[in-house]
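Numbering follows our numbering, in which position 18 of the sequence shown is assigned residue number 980; successive positions increment by one, without gaps. We put the CB at the ideal spot given by N, CA and C, even for glycine. Every value quoted in this text rests on a predicted model; they were computed, and no experiment measured them. What follows is a set of notes on a single structure, which appears directly below.
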Amino acid sequence: MRVFVTGATGFIGSALVPELINAGHQVLGLARSDAGAEALARAGAVAHRGDLEDLESLRSGAAKSDAVIHLAFIHDFSKFLENCTTDRRAIETLGTVLAGSGRPLIVTSGTGMANSAPGVPATEDVKKVPGNPNPRAASEETAALAAAQGVRVNIVRLPQVHDTVKQGLVTYAIRIAREKGVVAYVGDGKNRWPAAHVSDVARLYRLALEKGVAGATYHAVAEEGIPAREICEVVGTGLNLPVVSLTPEEAQAHFGWLAMFAGLDLPASSAKTRKELGWEPTGPGLIADLRNMRYPGLELAL
963 MRVFVTGATG FIGSALVPEL INAGHQVLGL ARSDAGAEAL ARAGAVAHRG DLEDLESLRS
1023 GAAKSDAVIH LAFIHDFSKF LENCTTDRRA IETLGTVLAG SGRPLIVTSG TGMANSAPGV
1083 PATEDVKKVP GNPNPRAASE ETAALAAAQG VRVNIVRLPQ VHDTVKQGLV TYAIRIAREK
1143 GVVAYVGDGK NRWPAAHVSD VARLYRLALE KGVAGATYHA VAEEGIPARE ICEVVGTGLN
1203 LPVVSLTPEE AQAHFGWLAM FAGLDLPASS AKTRKELGWE PTGPGLIADL RNMRYPGLEL
1263 AL
């Protein structure tokens, strides 16, 4: 199968491309730069120049392919609403090309889209919490419109995806801790974040492509929820910084934009995903990767 992958040179994409190629698929990877194109060539993929704001590049990439995996997202949280709008337009464009063909389109979202009640793990059956104020919800809304146009849509919801260099939102929290001189959690720190190793996430995307049921949502969750305080204690040891509790009011000043997530309890289940796709995570856990990071002098590239 010839698969067009947006975000092919990113954190997850760099693991997904070899995963697909080793399974016998051909990869056409979206590349914004010469360096990205060269990296794709080294991995055995074909580079397709363009970006999320170049809708014509998305149209032509999808038109050349048997399936599309949409991973790319602009991670500039100072322009979060604008970037969510860009993502919506990208999905609309990809869906228009694939409409009526039955060709697969896998759209990326977050497990937080399905946390319907405090303390209750998000499940795949919750399509999207009604009235979710998070503008990222537009990704799933737009995917549903594509499905109504005859596209074989699947949604993959991500937790904190990690290795020993990056760990999703935890990476940003570590950067803030280094700037502020303390590692902080909110309240008692019992709020939980789900997680999965990047290698397991890449394998799940491949399984969703090969075995996914049309219209199904899958959760790339290896660990249902790790308490924030436990995460902070490991990071505090790694950075040799004190670990402190903040009130919600103090958290706003400390975390900035990350404050909207820092105190949330966001457990998530992947029971249905594992059953339907036969997916069993085997990679290291989040705490293990945080313990094995090279903290001193480490530059946390995003």
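Inter-residue Cα distance where the pair is Val1088 and Val1197 | Walking along the sequence shown from the start, residue 1088 turns up at place 126. Walking along the sequence shown from the start, residue 1197 turns up at place 235. Cα to Cα, the separation comes out at about 33 angstroms.
Any idea if Trp1219 is buried or exposed, counting beta-carbon neighbours within 10 angstroms, 16 or more meaning buried?
-> Locating residue 1219 in the sequence shown gives position 257, counting from the first residue. Counting other Cβ atoms within 10 Å of its Cβ, Trp1219 stays below 16 and is therefore classed as exposed.
Are there three or more Cβ pairs, one per stretch, closer than 8 angstroms when the segment 1131 to 1142 is compared with the segment 1164 to 1175?
-> No: fewer than three Cβ pairs fall under 8 angstroms.
Assigned secondary structure, Phe1039 (DSSP; H/G/I helix, E/B strand, else coil) | Taking the sequence shown and counting its residues from 1, one reaches residue 1039 at position 77. When secondary structure is reduced to three states using DSSP, Phe1039 falls in the helix class.
Report yes if the C-beta distance between Pro1243 and His1181 is below 8 angstroms; otherwise report no.
-> As a first step, residue 1243 must be located in the sequence shown, where it is residue number 281. As a first step, residue 1181 must be located in the sequence shown, where it is residue number 219. Not a contact, by the Cβ cut-off of 8 angstroms.
Close Cβ partners of Lys1234 (< 6 angstroms) along its chain, the five nearest in sequence each way excluded | For this step, residue 1234 is matched to residue 272 along the sequence shown. Hits under 6 angstroms: Glu1086.
From Gly1174 to Leu1239, what does the alpha carbon distance come to, in whole angstroms?
-> Here residue 1174 refers to the residue found at position 212 of the sequence shown. Here residue 1239 refers to the residue found at position 277 of the sequence shown. Computed Cα separation, rounded: 7 angstroms.
With DSSP collapsed to three states, give me the class of Thr1235.
-> Counted from its first residue, the sequence shown places residue 1235 at position 273. Looking at Thr1235 - three-state DSSP - the assignment turns out to be helix.
Beta-carbon gap between Val965 and Leu982 smaller than 8 angstroms = Residue mapping note: residue 965 aligns to position 3 of the sequence shown, counting from 1. Residue mapping note: residue 982 aligns to position 20 of the sequence shown, counting from 1. Contact flag set, yes.
Leaving aside the five residues before and after Ser1063 along the sequence, list all residues of the same chain whose C-beta is less than 8 angstroms from its C-beta, in chain order.
-> Locating residue 1063 in the sequence shown gives position 101, where the first residue counts as 1. Cβ neighbours of Ser1063 beyond the five flanking positions: Gly1112, Val1113.
Whole angstroms is fine: what's the gap from Pro1204's alpha carbon to Leu1120's?
-> Position 242 of the sequence shown holds residue 1204. Position 158 of the sequence shown holds residue 1120. Rounded to the nearest whole angstrom, the CA to CA distance from Pro1204 to Leu1120 is 30 angstroms.
When the Cβ atoms of the segment 992 to 1007 are set against those of the segment 1058 to 1074, are three or more pairs found closer than 8 angstroms?
-> By the Cβ criterion, the segment 992 to 1007 is not in contact with the segment 1058 to 1074, since fewer than three pairs of Cβ atoms, one from each stretch, lie closer than 8 angstroms.
Less than 8 angstroms between the CB atoms is what I'm expecting for Gly1314 and Ala1109, so what's the real figure, rounded?
-> Given that the chain is displayed from residue 963 to residue 1264, the structure contains no residue 1314 and the question cannot be resolved.
Per DSSP, Tyr1147 is paired with what?
-> Along the sequence shown, read from residue 1 onward, the residue named residue 1147 stands at position 185. Beta-bridge pairing links Tyr1147 to Ser1207.
For Arg1021, which of helix, strand or coil comes out of DSSP?
-> Translated into the one-based positions of the sequence shown, residue 1021 becomes position 59. Three-state result, Arg1021: helix.
Enclosing alpha helix (DSSP H) for Ala1170 [first to last residue] | One-based indexing of the sequence shown puts residue 1170 at position 208. Ala1170 -> alpha helix (DSSP H) spans 1160 to 1173.
Hey, would you say Tyr1147 sits closer than 8 angstroms to Ser1232, going by beta carbons?
-> The sequence position of residue 1147 within the sequence shown is 185, counting from 1. The sequence position of residue 1232 within the sequence shown is 270, counting from 1. In terms of Cβ geometry, Tyr1147 and Ser1232 do not form a close pair [threshold 8 angstroms].
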